[in-house]
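Chemist:
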RNA sequence: GCCGAAGUGGUGGAAUGGCAGACACGACCGCCUCAAAAGCGGUUGCCCUCUGGGCGUGUGGGUUCAACUCCCACCUUCGGCACCA
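In our numbering, the protein residues as written are 495 to 1423.
Structure, rendered in structure tokens:
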């Protein structure tokens, strides 16, 4: 008996050897094509999750595959190490964020090493180290000096309970994610990045091979809309109120105006008799929680200011209201209300009895609708009416100038100087201030005269003080740490440091650049490295970052390009003969999202099982699915939720009572028609995210200990559609486990005895080359499950041939050589071990990828499929590449076709060439269907 | 409400418009064993009048010689946005 596969004996040993020999060190080499593979870096939360394995190990397999195919591959890893959890640990457990974070990083590094991934640890970057955040600060300065960073008042998420501002991502449905307490909008002075300058460029995805949904989400998030700005004069004060509208053609139907409660003109225009009511409404709006603002079906509310505006197209006086359905943050914070054409304005007008004027006659309607008889606004296409010069012009329902009515309206406004064509965006500037300690400091100084100035480069980084006290005040300790707070300005006068820190998305917007030279002291990244490696060729990670990180890092790259940060790298590129055109417009060329591994939570059918008890077990002769907990009184038997089913054995209820369903038992499932069987009983229907509170977290360390890293890797790749994810189910691990131990046995068994059968050996070679091709195609498409399945299939074939004694020593060795190289990206340890046992040179990971040979893969004989009316009816074995005429002749002569024709001639004969040729015979006057 | 994605055996999942269910898991039958586990061999979409045939990829239509795949409508689930002017 040969030695069986024991993962513990090999994995650690090879991991150490790879590290000692710097096997995965990636070094610039202009003689080789480069491939920068990147997978999203983790937050050091404490323990590696199975989700990290799911994200990283398939990405690793693909990076390895690229490397074997001759690319110089860089596959770095690091930590996104600033963030709130560290600060929370500091407050609640009195551990300094440094300590907490570094302990977690050390632990996770160790766990990551157990993956056997080809991470180049010499390129590791950790965003909370001064050597890293020095440059995060430096980039802030670059932005500031180029007008891309500014300070302004903004409405932010303020949590009364936590006494702090929260990031958008920390507010879920209007409540903070920690305590679930309401969050309100508060006006505060904050730092912003001008991402809106890049709105149009960010809408262009031409250079990107990214998933369509991500591009759509970003497009919607940016929210470009075409329309016009129109100025209305306030009758009493002569102030201008500018509104943005996508429907300037309906201006003649604007019968009132609405300002956001926060609008700056409200105070000025409000008449004395309305002031009390206005102020009360504004106060209420200011303290309204996000929940209240978001609540649906809310009656329109608002207050009249007492002031009137003049509609610039017809000089009519229209009342000015304030209402919270107008947002200060969108457009100009004011609207012209056209109740005829906008549902919100319509509801508002109805509620307060305001005038509605019909301005569009719908297509196919003879009369102009009477506003009093309308149930809802009309926003569809039609012909303009009651609209002065626009009367008779069509609105075709298109947006912007594509609608004749809108185009005419814009021209009309521009000719008279009362408005202009405008593009408005939903995207707002990126608010990067955080009132927290554990983030990169903002390198700015507040002077006594109230102005701000940047910290000189020579003083960077502004370091976070270590001797801070964390108190449960919700306030950042930086705000009361005197040594940090007190500094001097460029004139030597006492000054105060900025105490806000940066959003952690700032750190992750440029980490792909820091990997190029993580310990570089003089610049954020080495130009020599950047010229070779950039841009990232393949980026993998979760889709949840669609409109945050993935949008920010695109903005960042464009801003760095425009501020000249890449200029040095461009020079190097040119020196090396690489054309830099377009290479610095986008950070990542190809993006693929993996799905999520979910925990399985049970919510199965509720069953009533009756029969005879045999000990604790119920031998059931009747199982009925009933409405949840709808149990008849006095029921004798087992009843409860179906927790699990193993064929005829059911596990029922919270205590998993065992029910054996007899083969002839009656099964009743009201939802499924006809006679039911035990297989149709459903269990664990509801699937949820893994979380500690649900107790369904899968610990990768335990799995690795039990099965080995290679098996866990193969299982994760094999058992899911990687881009989809799915619920965790450990049972299926037997498949990949069996594959690995079979390959092990095949190799360890040693040279087969006997000469072998040349025909079978040729078959093995043919299948092997078909497999190479299949794996290449699968990996190209990120279909990791298929790539593993292809290898299992080959193993099955090879094993059978070996067992039959049909493979001789030479063919065995040659086949093993290819098979191990095919395995290497997926199961790197066992491939390395077996490669070494074959006596071949270290390392299998430095071998070239097997080259697909089409001739060797070609079949000499193929099945010719006989089809009658599109349905397969049998096959004939023919020579590959059979001519159409020959194939048709053979099929027509076949017994099946002859009996189907029954003496008639076929209506049509269709030949489908290919690896599996087919001939479809169309017979009969009518199809039965 | 708007935008997007997905619905395939008992389960995970395969299928450039061309033999649906590859590859696995589970189950069943058999071998081995005192026995169990492991291992090995076989069967496994459903149905029927079973050397054959019918039906099958969420539902209903359509295009095509041929549809899981393309088109239209609908249902369900998941994700994103949401008084966006």
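We put the beta carbon where it would ideally sit given N, CA and C, even for glycine.
These numbers were taken from a predicted model, which means no experiment stands behind them.
So which of 504, 631, 649, 778 has the shortest CA-CA distance to residue 643?
Modeler: For the purposes of this step, residue 643 is identified with residue 149 of the first chain, where counting begins at 1. For the residues 504, 631, 649, 778, the minimum Cα distance to residue 643 belongs to 631.
Chemist: Which residues does DSSP pair with residue 815 in a beta bridge?
Modeler: If you number the first chain from 1, residue 815 lands on position 321. Partner(s): 752, 798.
Chemist: Tell me, to the nearest whole angstrom, how far the beta carbon of residue 744 is from that of residue 832; I am working on the premise that it is less than 8 angstroms.
Modeler: Within the first chain, numbered from 1, the residue matching residue 744 stands at position 250. Within the first chain, numbered from 1, the residue matching residue 832 stands at position 338. Rounded, the Cβ-Cβ distance is 4 angstroms, consistent with contact.
Chemist: Nearest CA to the CA of residue 581: which residue from 768, 850, 931?
Modeler: Along the first chain, read from residue 1 onward, the residue named residue 581 stands at position 87. If we check each option's Cα against that of residue 581, 931 comes out closest.
Chemist: So, for residue 987: in the same chain, excluding its five sequence neighbours on each side, which residues have a beta-carbon less than 8 angstroms away from its beta-carbon?
Modeler: Within the first chain, residue 987 is the residue found at index 493, counting from 1. Within the same chain, residue 987 has close Cβ partners 941, 942.
Chemist: Determine whether the beta carbon atoms of residue 1314 and residue 1241 lie at a separation below 9 angstroms.
Modeler: The residue labelled residue 1314 in the question sits at position 820 within the first chain. The residue labelled residue 1241 in the question sits at position 747 within the first chain. Yes, they are a contact pair.
Chemist: Comparing alpha-carbon positions, which option in 884, 828, 869 lies nearest residue 854?
Modeler: Within the first chain, numbered from 1, the residue matching residue 854 stands at position 360. Nearest of 884, 828, 869 to residue 854, Cα basis: 884.
Chemist: Going along the chain, which unbroken runs of the alpha helix (DSSP H) with 4 or more residues stay wholly within the segment 1219 to 1266?
Modeler: Counting only runs of 4 or more, we get 1228 to 1242.
Chemist: DSSP three-state label for residue 739, please.
Modeler: Taking the first chain and counting its residues from 1, the one referred to as residue 739 is at position 245. Reduced to three states, the DSSP call for residue 739 is strand.
Chemist: According to DSSP, what are the bridge partners of residue 1033?
Modeler: For the purposes of this step, residue 1033 is taken as residue 539 along the first chain, with counting starting at 1. Note: residue 1033 sits in a beta bridge opposite 532, 1085.
Chemist: When the Cβ atoms of the segment 962 to 981 are set against those of the segment 918 to 927, are three or more pairs found closer than 8 angstroms?
Modeler: no
Chemist: Looking only at its chain, what residues have a beta carbon closer than 6 angstroms to the beta carbon of residue 1291, apart from the 5 residues adjacent to it on each side?
Modeler: Along the first chain, one-based indexing puts residue 1291 at 797. Closer than 6 angstroms at the Cβ level, and outside the excluded window around residue 1291, lie 1261.
Chemist: Classify residue 859: buried if its beta carbon has 16 or more other beta carbons within 10 angstroms, exposed otherwise.
Modeler: Here residue 859 corresponds to residue number 365 of the first chain, with the count starting at 1. Answer is exposed; the Cβ neighbour count stays below 16.
Chemist: What's the C-alpha gap between residue 504 and residue 1379?
Modeler: Taking the first chain and counting its residues from 1, the one referred to as residue 504 is at position 10. Taking the first chain and counting its residues from 1, the one referred to as residue 1379 is at position 885. Each residue's CA atom was taken as its position, placing residue 504 and residue 1379 some 58 angstroms apart.
Chemist: Does the separation of the CB atoms of residue 1233 and residue 1285 fall below 9 angstroms?
Modeler: If you number the first chain from 1, residue 1233 lands on position 739. If you number the first chain from 1, residue 1285 lands on position 791. Yes, Cβ-Cβ distance for residue 1233 and residue 1285 is below 9 angstroms.
Chemist: With a CB to CB cut of under 7 angstroms and the five nearest residues on each side skipped, what residues in its chain are close to residue 1351?
Modeler: Start at 1 with the first residue of the first chain, and residue 1351 comes out as number 857. Closer than 7 angstroms at the Cβ level, and outside the excluded window around residue 1351, lie 1260, 1263, 1264, 1267.
Chemist: Can you tell me which of the three DSSP states residue 1201 falls into?
Modeler: As a first step, residue 1201 is located in the first chain; it is residue number 707 there, counting from the start. Correct three-state label for residue 1201: helix.
Chemist: Pull the bridge partners of residue 644 from the DSSP assignment, please.
Modeler: Here residue 644 is taken as the residue at index 150 of the first chain, counted from 1. According to DSSP, which records beta bridges pairwise, residue 644 is partnered with 686.
Chemist: Given a threshold of 16 other Cβ atoms within 10 Å of its Cβ, counted over all protein chains shown, does residue 770 qualify as buried or as exposed?
Modeler: Here residue 770 refers to the residue found at position 276 when the first chain is read from its first residue. Exposed, by the Cβ-count rule.
Chemist: Do you know how far the Cα of residue 1244 is from the Cα of residue 1041?
Modeler: For the purposes of this step, residue 1041 is taken as residue 547 along the first chain, with counting starting at 1. For the purposes of this step, residue 1244 is taken as residue 750 along the first chain, with counting starting at 1. Between residue 1041 and residue 1244, the C-alpha separation is close to 55 angstroms.
Chemist: Under 9 angstroms, do residue 517 and residue 1337 count as touching if we go by C-beta distance?
Modeler: For the purposes of this step, residue 517 is identified with residue 23 of the first chain, where counting begins at 1. For the purposes of this step, residue 1337 is identified with residue 843 of the first chain, where counting begins at 1. Yes, the pair counts as a contact, with Cβ atoms nearer than the cut-off.
Chemist: For the segment 999 to 1071, list the beta strand (DSSP E) runs that are entirely contained and at least 3 residues long, ordered along the chain.
Modeler: 1030 to 1036
Chemist: For residue 903 versus residue 888, is the C-beta distance shorter than 9 angstroms?
Modeler: Position 409 of the first chain, counted from the first residue, corresponds to residue 903. Position 394 of the first chain, counted from the first residue, corresponds to residue 888. No, they are not a contact pair.
Chemist: Tell me which same chain residues have a C-beta within less than 8 angstroms of the C-beta of residue 1390, skipping the five on either side of it?
Modeler: Sequence index remark: in the first chain, residue 1390 carries index 896 (1-based). Counting only Cβ-Cβ distances below 8 angstroms, and skipping sequence neighbours, we find 1360, 1362, 1367, 1368.
Chemist: Return the first residue and the last residue of the beta strand (DSSP E) that residue 1358 is part of.
Modeler: By 1-based counting over the first chain, the position of residue 1358 is 864. Per DSSP, residue 1358 belongs to the beta strand (DSSP E) from 1355 to 1362.
Chemist: Give a yes or no on whether the C-beta atoms belonging to residue 1372 and residue 1384 are separated by under 9 angstroms.
Modeler: For this step, residue 1372 is matched to residue 878 along the first chain. For this step, residue 1384 is matched to residue 890 along the first chain. Yes, these two residues count as a Cβ contact at 9 angstroms.
Chemist: Given a threshold of 16 other Cβ atoms within 10 Å of its Cβ, counted over all protein chains shown, does residue 1013 qualify as buried or as exposed?
Modeler: As a position in the first chain, residue 1013 is number 519, starting the count at 1. Its Cβ having fewer than 16 others within 10 Å, residue 1013 is exposed.
Chemist: Let me know the secondary structure DSSP gives residue 601 once reduced to three states.
Modeler: Taking the first residue of the first chain as position 1, residue 601 is located at position 107. Reduced to three states, the DSSP call for residue 601 is helix.
Chemist: Kindly confirm or deny that the segment 1270 to 1286 and the segment 547 to 561 touch, where touching means at least three C-beta pairs closer than 8 angstroms.
Modeler: yes
Chemist: Roughly how far, in whole angstroms, is the beta-carbon of residue 1080 from the beta-carbon of residue 1029, given that I think they are within contact range, below 8 angstroms?
Modeler: Working through the first chain from its first residue, we reach residue 1080 at position 586. Working through the first chain from its first residue, we reach residue 1029 at position 535. Between residue 1029 and residue 1080 the Cβ distance is about 6 angstroms, and since that is below 8 angstroms, they are a contact.
Chemist: Under three-state DSSP, which class holds residue 1317?
Modeler: One-based indexing of the first chain puts residue 1317 at position 823. It is helical.
Chemist: Skipping 5 residues on each side, what residues in its chain have a beta carbon closer than 6 angstroms to that of residue 1082?
Modeler: To locate residue 1082, count along the first chain from 1; it is residue 588. Only 1030, 1033 meet the Cβ criterion.
Chemist: So, are the CB atoms of residue 994 and residue 685 less than 9 angstroms apart?
Modeler: By one-based count along the first chain, residue 994 stands at place 500. By one-based count along the first chain, residue 685 stands at place 191. Yes, they are a contact pair.
Chemist: Would residue 576 be called buried (16 or more neighbouring beta carbons within 10 Å of its own) or exposed?
Modeler: The sequence position of residue 576 within the first chain is 82, counting from 1. Counting the other CB atoms within 10 Å of its CB gives residue 576 a total of 16 or more, which places it among the buried residues.
Chemist: Which one or two residues does DSSP pair with residue 981 in a beta bridge?
Modeler: Looking up residue 981 in the first chain gives position 487. In DSSP, residue 981 forms a bridge with 989.
Chemist: Reducing DSSP to helix, strand and coil, say where residue 1406 ends up.
Modeler: Position 912 of the first chain, counted from the first residue, corresponds to residue 1406. The DSSP-derived three-state label of residue 1406 is strand.
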